[in-house]
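Chemist: Add 875 to the 1-based position in the sequence shown for this note's numbering, that's all there is to it.
Backbone N, C-alpha and C fix where the C-beta goes; we use that ideal spot for every residue, glycine too.
Sharing a structure with you now.
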Amino acid sequence: MKKIIFILLGITFLSTCLNAQFDNNFHFGDSIKMAESIQDSKAKTDLYIKIGSNYVYYKGDSSLYYLNIAKDIAQKNNLYDRLIYADFYISNVYKGVLGNYPLGIFYAFEMLKDYDLVKEHNSKIENISFNNVASAYFTIADAYSYLGNKEKTKEYINKFFSTIRLDTLNTTLQGNYISNTSKIFFQIRELDSAYKYIQQGIAINNTFSPKWSFPFMMMGDVLLAKKEYQKAIYNYKAAIPLAIPWKFYKDVFQCNYGIAFAYFNLNKIDSAIYYATEVQKMSKTITFTEGSLKNSLLLYSLYKIKNNKDSALKYIEMAEDLRNNIFNNIKANDAQNMAINEEVKQRELREQKAKQQKILIITGICAILLAIGIYLNGKRKQRERLRQIEEERKNSELRAARDLQQSMLPKENPKRSDLDIATFIRSSTEVGGDYYDFFPQADGSIFSVCGDATGHGVTSGMMVSVAKAGLNGISPVKPNKILQRLNGVVKRIDLGTLRMSLNIAEITQDEVYLSSAAMPPIYLYKASTKSIEEFMNNGLPLGGLRDEEFVLEARNFESGDVLVQLSDGLPEAPNSKGEMYDYDRLRNLILASVHLSSKEIIDVLMKSVDEWMEGKHNPDDITLVVTKKK
876 MKKIIFILLG
886 ITFLSTCLNA
896 QFDNNFHFGD
906 SIKMAESIQD
916 SKAKTDLYIK
926 IGSNYVYYKG
936 DSSLYYLNIA
946 KDIAQKNNLY
956 DRLIYADFYI
966 SNVYKGVLGN
976 YPLGIFYAFE
986 MLKDYDLVKE
996 HNSKIENISF
1006 NNVASAYFTI
1016 ADAYSYLGNK
1026 EKTKEYINKF
1036 FSTIRLDTLN
1046 TTLQGNYISN
1056 TSKIFFQIRE
1066 LDSAYKYIQQ
1076 GIAINNTFSP
1086 KWSFPFMMMG
1096 DVLLAKKEYQ
1106 KAIYNYKAAI
1116 PLAIPWKFYK
1126 DVFQCNYGIA
1136 FAYFNLNKID
1146 SAIYYATEVQ
1156 KMSKTITFTE
1166 GSLKNSLLLY
1176 SLYKIKNNKD
1186 SALKYIEMAE
1196 DLRNNIFNNI
1206 KANDAQNMAI
1216 NEEVKQRELR
1226 EQKAKQQKIL
1236 IITGICAILL
1246 AIGIYLNGKR
1256 KQRERLRQIE
1266 EERKNSELRA
1276 ARDLQQSMLP
1286 KENPKRSDLD
1296 IATFIRSSTE
1306 VGGDYYDFFP
1316 QADGSIFSVC
1326 GDATGHGVTS
1336 GMMVSVAKAG
1346 LNGISPVKPN
1356 KILQRLNGVV
1366 KRIDLGTLRM
1376 SLNIAEITQD
1386 EVYLSSAAMP
1396 PIYLYKASTK
1406 SIEEFMNNGL
1416 PLGGLRDEEF
1426 VLEARNFESG
1436 DVLVQLSDGL
1446 PEAPNSKGEM
1456 YDYDRLRNLI
1466 LASVHLSSKE
1476 IIDVLMKSVD
1486 EWMEGKHNPD
1496 DITLVVTKKK
């Protein structure tokens, strides 16, 4: 029983988490015989759930068979808490293994119904210590992300975050949730959010022993989408040896495919063929139709480049068979739905025939529908008027919030005879989430702050207000200690899922002290060496973990040196093709501009990024703080 509890607690999310506590010593044959002989309904159900959960990752059909047995026993014996588990695993088999996302969503909703049954019958929920409602919301969001439905994905991921508090969970579950949230945003191609979450996931993962494969695989997927192929390969190769001991063969499958695709784009054809062939070998033992289809198409392209017509023909035929299988599954699902709909229609007809006053009923229904139509039309007009009023109210609030945000920015930059300081901020919406500030001290030193709140609009403005107030109330210590104390302030205020990324530079007469919480690199040009240093001492965003500690870096700050603090809006600005401006391009342009004044450096950077975007709207705020030592 303890092993069952252990497995059920750890398996919370899609494919990786479904196998998070996989039992390497599990013997199917012995367990199936035992399940058949057990008389106690609870024990019998629990064992069938365990059998089904251990089959999940590499035999989806077998998993469904045993999970449905467990569900049938649970229904007959009113074991409502067991129904939650059965439907949870069934949902994830359809979603994560068989690729049937509508059925994955259906069974996640069944989980919510099961939970209501538990409450309705005042049943004791055994073996459940994670939030089942939150888990269902997460599963639904995940499935919708695969279907490309951004609206539904965001609706249910927001419901998930409003239902559960990450800081109340252990580090293991936090890592699961954060890493898989990255995957969800990746599926709907919101790469900035995906990258931020997987950075956090890897930071948590690095505290584990042994480490998990999934965060590294997810980072590989994000970097692959961002066309950073060498970095993607590095992360995929880091994931594979972590996945094999736990039999996370689907992770190995996906990593090898990612490596193959990266080498293909790097024009390293032989290397790409090697890894794609490894994927092909695995497809014989792993049920992952969509992945096998993509790999077959990749092998076709690779052998076509090599002018190997026989192999190219083999893999295009294999791809066609896989595509037909997917299409046939879709048709089968459609046929099943048609059959269900037909049964519903026949039942309605039988009910209508049994009524003696059929015509009166139909007439009554028509009258009711007419009345409803009139009522709804009136309500529609009312809602439209209310919408207009609400729109006017929101616009008024936005104007007030914008004015408040502007008032929180410094009226002017600090004056120090040996420093040339320039700043720039551009919001992507009416109220942005970026922030900069200065805190001059009595000894002549200056604290320079650059921050980026999660999201945009009024909510991000709230976080900026909290950060501003918190910084004003913290005594001047070293930047890392300020971040530590400010993190405590944000945690105590508790703005839900809102977070604040922030870096602080303490500029003394001849030194600079740097510390950062999940911000892009701080660039420091050294005139003495004519080179640029990047400081990536990133902790988690403020408001994340309660006891987060931050790294402090110290450097000399001499004549001709240039310090650049910025948000991610500039280096991650997209062009018309969806390509990012890139950090390397930014670094090189800073290096070429250090002979200019601080304001001129900003002008050069903004001109370059505006030309890059070609008039395209930047979805993120841009903030720059440049300090040059005279």
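(1) Put Met1193 into one of helix, strand or coil per three-state DSSP.
(2) CB-CB under 6 Å to Thr1404, same chain, minus the five flanking residues each way: which ones, in chain order?
(3) For the alpha helix (DSSP H) containing Glu1424, name the first residue and the last one.
(4) Does the segment 1112-1129 touch the segment 1142-1152, meaning 3 or more C-beta pairs lie closer than 8 Å?
(5) Just to confirm the assignment, what range does the beta strand (DSSP E) spanning Ser1406 have?
(6) Between which two residues does the beta strand (DSSP E) harbouring Gly1326 extend?
(7) Given this structure, state the Cα-to-Cα distance separating Glu1409 from Asn975, to the nearest angstrom.
(8) Using a Cβ-Cβ cut-off of 6 Å (strictly less than) and excluding sequence neighbours within five positions of Asp1485, which residues of its own chain qualify?
(9) To the nearest angstrom, how far is the alpha carbon of Ala1078 from that of Gly1319?
(10) Evaluate contact between the segment 936-950 and the segment 962-981, counting only Cβ atoms and requiring at least three cross-stretch pairs below 8 Å.
(11) Do you know whose CA, among Leu1177, Phe1061, Ile1477, Ala1118, lies nearest Tyr1021's CA?
(12) Which residue spans inside the segment 1430-1486 form an unbroken alpha helix (DSSP H) run of at least 4?
(13) Can you tell me whether DSSP reads Gln896 as helix, strand or coil?
(14) Considering Met1501, what are the terminal residues of the alpha helix (DSSP H) in which it resides?
(15) My output table needs one value for Asp947: the three-state DSSP class, helix, strand or coil.
(16) Straight-line CA distance for Ile1161 to Ile1144?
(17) What is the C-beta distance between Ile948 and Ile926, in whole angstroms, given that I count them as a contact (C-beta under 8 Å)?
(18) Does the separation of the CB atoms of Ser1390 and Asn1355 fall below 9 Å?
(19) By Cβ distance below 7 Å, which residues in the same chain neighbour His1470 in space, the five residues on each side in sequence not counted?
(20) Please report the straight-line C-alpha distance between Ala1392 and Ser1442, rounded to a whole angstrom.
(21) Going by DSSP in three states, Asp921 sits in which element: helix, strand or coil?
(22) For Leu1168, which residues in the same chain have their Cβ closer than 8 Å to its Cβ, ignoring the five residues on either side in sequence?
(23) According to DSSP, is Ala1402 part of a helix, a strand, or is it coil?
(24) Considering Arg957, what are the terminal residues of the alpha helix (DSSP H) in which it resides?
(25) Could you give the distance in angstroms between the alpha-carbon of Ser1068 and the alpha-carbon of Asn952?
(26) Do three or more CB pairs link the segment 1473-1487 to the segment 1104-1114 at distances below 8 Å?
(27) With DSSP as the reference, label Val1352 as helix, strand or coil.
(28) Where does Lys1491 fall in DSSP's three states?
(29) Please check the pair Ala1429 and Glu1386, which I expect to be a contact at CB under 8 Å, by giving their CB distance rounded to whole angstroms.
(30) Distance check for Ile1191 and Lys1181, CA to CA, integer angstroms please.
(31) Which whole-angstrom value describes the C-beta separation of Ser1303 and Asp1496, a residue pair presumed to lie in contact below a C-beta threshold of 8 Å?
(32) List in chain order: all unbroken alpha helix (DSSP H) runs of 4+ residues lying wholly within the segment 1087-1142.
(33) Count the other C-beta atoms from every protein chain shown that fall within 10 angstroms of the C-beta of Thr920, then say buried if there are 16 or more, exposed otherwise.
(34) On a CA-only basis, which of Ser1335, Lys1353, Gln1384 is nearest Ser1376? Give me that one, please.
(35) Could you pull the start and end residues of the alpha helix (DSSP H) that Phe1036 belongs to?
(36) Would you list the one or two residues that DSSP bridges to Val1387?
Modeler: Straight from the coordinates:
(1) helix
(2) none
(3) Segment: none, Glu1424 is in no alpha helix (DSSP H) and carries neither H nor E.
(4) no
(5) 1406-1410
(6) 1321-1328
(7) 45 Å
(8) none
(9) 36 Å
(10) yes
(11) Phe1061
(12) 1458-1468
(13) Summary for Gln896: the model assigns pLDDT 35, below 50, so the residue's position carries little reliability, and this model does not support an answer.
(14) For the record, residue 1501 in the displayed sequence is Val; it is not Met. Looking at the DSSP string, Val1501 is not in any alpha helix (DSSP H); the run it does join, the beta strand (DSSP E), is 1497-1504.
(15) helix
(16) 25 Å
(17) That pair is no contact at about 12 Å.
(18) yes
(19) none
(20) 12 Å
(21) helix
(22) Ala1194, Leu1197, Arg1198, Ile1201
(23) coil
(24) 955-967
(25) 45 Å
(26) no
(27) coil
(28) coil
(29) 6 Å
(30) 15 Å
(31) 5 Å
(32) 1089-1100, 1104-1118, 1124-1140
(33) buried
(34) Ser1335
(35) 1025-1038
(36) Ile1382, Arg1430
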